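Numbered according to the numbering used here, the sequence shown spans residues 1 to 630. Note that beta-carbon positions come from the ideal geometry of N, C-alpha and C, so glycine has one too. If you're wondering where the values come from, they're calculated on a predicted model, not measured in any experiment.
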Amino acid sequence: MAKNRSGKRQAQEAGQERAPRAVADAPAVSATWRWLTLAAILLATFVTYLPVFDGAKEFTNWDDPAYVTEQPLVRSLDAATIKQMFRTESRVAANYHPLTMLTLAWDYQRGDGKMQAFMQTTLALHLLNTALVFVLIGMLFRSSLLMPALCAAFFGLHPMHVESVAWVAERKDVLYTAFYLVSMIGYVRYLRGGSWAWLVAAFVSFVASCYAKPMAVTLPVVLVLLDVFEKRTFSVRTALEKVPFFIVSVIFGLLTLQVQSSTGAGLVDVTFYTLPERVLFALYGIVQYILRLFAPFNLSAFYPYPSSNGDPDAIVYPYAVAGALVIGAVIWLYWKKRSELTATMFFGMAFFLVTISIVLQLISVGGAVIADRYTYVPYLGLFIIVGMSTERLLSKVKAPFIALAVVALASGYFAVLSNARIGVWQNSGVLFNDVIDKSEGRQINHAYNNRALYNMERGNYQEAERDYAYLENVGTDRAYTYKGYGALLMRMKRPAEAIPRFTTALSLGGDDVEVFRARGSCYVQVNKYDSAVADFAKARTLTPNDPKVAVALLESCLGANRLQDALRYGEAMSGLCQNQAAYHNLMGIVNGQLGNHAAAYKAFARALELNPTDDNAKRNLEIARAASGL
1 MAKNRSGKRQ
11 AQEAGQERAP
21 RAVADAPAVS
31 ATWRWLTLAA
41 ILLATFVTYL
51 PVFDGAKEFT
61 NWDDPAYVTE
71 QPLVRSLDAA
81 TIKQMFRTES
91 RVAANYHPLT
101 MLTLAWDYQR
111 GDGKMQAFMQ
121 TTLALHLLNT
131 ALVFVLIGML
141 FRSSLLMPAL
151 CAAFFGLHPM
161 HVESVAWVAE
171 RKDVLYTAFY
181 LVSMIGYVRY
191 LRGGSWAWLV
201 AAFVSFVASC
211 YAKPMAVTLP
221 VVLVLLDVFE
231 KRTFSVRTAL
241 EKVPFFIVSV
251 IFGLLTLQVQ
261 SSTGAGLVDV
271 TFYTLPERVL
281 FALYGIVQYI
291 LRLFAPFNLS
301 AFYPYPSSNG
311 DPDAIVYPYA
321 VAGALVIGAV
331 IWLYWKKRSE
341 LTATMFFGMA
351 FFLVTISIVL
361 QLISVGGAVI
371 ADRYTYVPYL
381 GLFIIVGMST
391 ERLLSKVKAP
401 FIALAVVALA
411 SGYFAVLSNA
421 RIGVWQNSGV
431 LFNDVIDKSE
441 GRQINHAYNN
451 RALYNMERGN
461 YQEAERDYAY
471 LENVGTDRAY
481 TYKGYGALLM
491 RMKRPAEAIP
501 RFTTALSLGG
511 DDVEVFRARG
521 SCYVQVNKYD
531 SAVADFAKAR
541 TLTPNDPKVA
551 VALLESCLGA
561 NRLQDALRYG
571 EAMSGLCQNQ
581 AAYHNLMGIV
591 NGQLGNHAAA
601 YKAFARALEL
611 NPTDDNAKRN
621 LEIARAASGL
């Protein structure tokens with residue numbers, strides 16, 4: 001008898017005797033109806049997202065170049081490249097996510113870099129995640145059909161999730177979520193009497209999730225929340241089984257901080273806002289996310305801080321108070337009135353807060369106070385609260401079809417909004433027009449800058465200049481804006497106006513070889529050869545192995561009539577430029593003007609050898625031949 005009690009206690013510690021949580025008064029539903037419901041949700045989600053396959057859809061110039069269009073790691077799937085992806089020194093867009101890069105490389109190879117291949121994989125992952133949500137919530141609330149149906153439908157169709165699916169650079173969202181949900185399902189299966197193999201599977205999936213996106217590091221805390229939700233007895237065993245999860249979480253968390261701090265591209269100066277201000281912004285963000293769950297209007301790819309001068313606007317304070325009250329109310333209800341409803345509300349709110357905590361700007365990352373993509377996993381907690389509340393409101397309805405009709409209406413409403421929202425991600429022009437239109441007059445530097453780049457690449461120079469001129473007039477301090485403005489003015493054949501923009505870019509951003517080269521070219525065009533020599537000489541110190549810079553330096557020396565400098569530089573570059581016809585032609589001219597006719601003849605002969613169709617080299621060769629008496 002004592003032995004039976006001991007075995008029972010051990011099983012309870014492992015969570016293996018805990019019965020599946022049921023929703024009060026929920027009518028039983030057959031497995032057939034469950035799978036038909038899931039099929040309908042997946043079909044609705046697929047149809048809603050069909051615009052992502054529009055042949056006119058383009059990569060944006062916001063992060064897509066870093067991940068795909070200008071990323072060498074996706075150009076090959078050989079062993080060396082894959083190994084490079086997993087090296088911790090390989091950092092893409094200030095992050096370490098090798099599994100994400102591996103899937104992008106696979107899409108690049110099979111689709112020859114075309115958009116459709118990337119969207120096929122991303123949408124497939126989104127549909128998989130929607131199905132996994134259905135399975136997970138179905139496991140947690142087994143007697144209910146409304147709960148998994150609502151959570152899966154809202155997950156698949158909510159407009160706040162469009163950004164994660166329609167934006168190629170956010171592949172990491174849908175990929176890490178798939179492993180994250182699989183890990184949760186494995187852990188719940190372990191709690192429900194499964195073997196240790198389920199716990200091992202949960203751990204392996206968690207590691208994969210971290211390799212896809214470091215935001216997965218919140219999972220160990222979510223596992224603790226699942227223990228609480230399942231009323232699992234705390235013990236040494238329940239603590240030890242999560243130690244590997246927490247170790248991996250700490251490792252990836254520290255790695256992410258190291259990567260972002262070293263690149264300077266992710267983290268911003270946390271001293272710009274005080275700690276109390278950052279807490280206010282976090283509470284403000286929580287309320288904004290909750291409001292957008294129910295009213296997903298006026299969505300944008302970028303939500304700037306409510307204030308840009310370090311003093312939060314007055315509107316932040318009531319939002320912060322509201323956020324604190326909502327959190328406090330859920331905790332108070334759970335503490336004072338333990339019931340199925342309050343336990344579910346507590347779990348849902350805690351899941352939301354834990355999974356979104358690392359992007360609530362307590363440590364400032366980027367210039368946005370909130371972002372649609374940050375809700376991809378966290379909203380599941382709020383969907384659970386909405387589902388339970390809806391279940392209770394409809395608890396007297398015995399036919400599940402009426403409850404499902406309510407879910408279908410709400411889902412249809414979200415589907416229409418999502419379908420329209422997908423169009424915003426058609427190209428950079430549409431995207432940043434939308435961001436600027438919804439900025440309420442706020443200066444969003446990168447939106448104007450990226451729109452200008454988009455127009456410049458398409459030859460819409462006047463539209464691009466309007467954006468650059470606006471940013472210059474408001475006094476932007478971003479070096480890349482002046483660099484882009486200078487490049488635009490060069491294309492518009494206005495080198496004299498480009499020069500001061502490049503100078504400002506250098507003063508703001510420090511040494512940039514591309515800017516030195518561009519400004520040097522502008523100096524050549526306005527016949528300021530000495531200044532050109534200085535810029536190309538600096539560029540050569542930054543990129544000593546670039547033959548194009550070396551040739552430009554030699555050419556500018558010749559233009560400045562600095563023949564001895566040209567000869568000195570040219571001789572130093574001989575090894576680097578031995579296969580450059582332009583270099584040998586210039587060296588022939590320099591030597592010819594210095595009276596070194598034999599050397600000039602040799603240089604012209606080499607130039608003609610490298611480029612037999614060069615008529616100038618032919619003429620110069622004959623002149624050198626005559627002058628040298630050869």
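Residue i CB to nearest heavy atom of the ligand GTP below 7 Å
i: tyrosine 374; result: Among the components of this structure there are no ligands whatsoever, and the ligand GTP is therefore not found.
N-terminal and C-terminal residue of the beta strand (DSSP E) that residue i is part of
i: valine 369; result: 368 to 370
Per DSSP, the bridge partner or partners of residue i
i: valine 92; result: Asn95
i: tyrosine 303; result: Ile370
Supposed close pair residue i, residue j - CB separation, criterion 8 Å
i: cysteine 577; j: proline 544; result: About 12 Å separates the two Cβ atoms, so there is no contact after all.
i: arginine 91; j: valine 217; result: So it is not a contact: roughly 17 Å between Cβ atoms.
i: threonine 355; j: valine 377; result: 5 Å
i: valine 633; j: methionine 184; result: No answer is possible for residue 633: the residues shown for the chain start at 1 and end at 630.
i: leucine 219; j: serine 209; result: 7 Å
i: leucine 136; j: valine 188; result: 7 Å
i: glycine 588; j: alanine 560; result: The Cβ separation is near 18 Å, so there is no contact.
i: alanine 166; j: isoleucine 358; result: About 23 Å separates the two Cβ atoms, so there is no contact after all.
i: leucine 453; j: asparagine 61; result: 5 Å
i: isoleucine 315; j: leucine 382; result: At roughly 22 Å, the Cβ-Cβ gap does not stay under 8 Å, so isoleucine 315 and leucine 382 are not in contact.
i: leucine 567; j: leucine 586; result: Between leucine 586 and leucine 567 the Cβ distance is about 11 Å, and since that is not below 8 Å, they are no contact.
i: aspartate 565; j: leucine 542; result: In fact, because the Cβ distance is near 19 Å, the residues do not count as touching under 8 Å.
Beta-carbon proximity check, residue i vs residue j, cutoff 8 Å
i: asparagine 611; j: alanine 603; result: no
i: asparagine 449; j: tyrosine 470; result: no
i: leucine 103; j: leucine 50; result: According to the sequence displayed, residue 103 carries threonine and not leucine. No, Cβ-Cβ distance for threonine 103 and leucine 50 is not below 8 Å.
i: threonine 375; j: methionine 147; result: no
i: threonine 177; j: serine 418; result: no
i: aspartate 63; j: alanine 93; result: yes
i: leucine 157; j: alanine 39; result: no
i: leucine 517; j: alanine 552; result: For the record, residue 517 in the displayed sequence is arginine; it is not leucine. Taking 8 Å as the Cβ cut-off, arginine 517 and alanine 552 qualify as a contacting pair.
i: alanine 505; j: valine 526; result: no
i: methionine 119; j: phenylalanine 53; result: yes
i: isoleucine 384; j: phenylalanine 346; result: no
i: phenylalanine 153; j: isoleucine 41; result: The question names phenylalanine, but residue 153 is alanine in the sequence shown. Yes, Cβ-Cβ distance for alanine 153 and isoleucine 41 is below 8 Å.
i: alanine 539; j: valine 513; result: yes
i: tyrosine 190; j: alanine 202; result: yes
i: glutamine 426; j: lysine 57; result: yes
i: valine 407; j: leucine 73; result: no
i: valine 533; j: cysteine 557; result: yes
i: glutamate 440; j: alanine 301; result: no
i: alanine 447; j: glutamine 361; result: no
i: phenylalanine 536; j: cysteine 522; result: no
Span of the alpha helix (DSSP H), counted from its first residue to its last, around residue i
i: arginine 442; result: Looking at the DSSP string, arginine 442 is not in any alpha helix (DSSP H), and its letter there is neither H nor E.
i: isoleucine 315; result: Where isoleucine 315 is concerned, there is no enclosing alpha helix (DSSP H), given that its DSSP letter is neither H nor E.
i: alanine 469; result: 461 to 474
i: isoleucine 623; result: 615 to 628
i: glutamate 230; result: No alpha helix (DSSP H) contains glutamate 230, which DSSP labels as neither H nor E.
i: cysteine 577; result: Where cysteine 577 is concerned, there is no enclosing alpha helix (DSSP H), given that its DSSP letter is neither H nor E.
i: proline 276; result: 275 to 294
i: tryptophan 638; result: Only positions 1 to 630 of the chain appear in the structure, and residue 638 is not among them; the question remains open.
i: serine 531; result: 529 to 542
i: phenylalanine 516; result: 513 to 525
i: aspartate 697; result: Absent from the structure is residue 697, since the part of the chain shown begins at 1 and ends at 630.
i: glycine 559; result: 547 to 559
i: lysine 83; result: 79 to 86
i: phenylalanine 179; result: 171 to 191
i: tryptophan 35; result: 31 to 48
i: lysine 483; result: 479 to 491
i: glutamine 116; result: 115 to 140
i: leucine 157; result: 146 to 157
i: threonine 218; result: Taken as a continuous stretch (DSSP letters only), threonine 218 belongs to no alpha helix (DSSP H), as it is neither H nor E.
Specify whether the region 128 to 147 and the region 233 to 249 touch according to this definition: at least 3 beta carbon pairs, one from each stretch, less than 8 Å apart. No, they do not touch.
Pairing CB atoms from the region 282 to 291 with CB atoms from the region 315 to 329, are three or more of them under 8 Å? Three or more beta-carbon pairs drawn from the region 282 to 291 and the region 315 to 329 are found closer than 8 Å, and the two stretches are therefore classed as touching.
Count the CB pairs spanning the region 328 to 339 and the region 451 to 460 that are closer than 8 Å, and state whether there are at least three. Too few Cβ pairs lie closer than 8 Å, so no.
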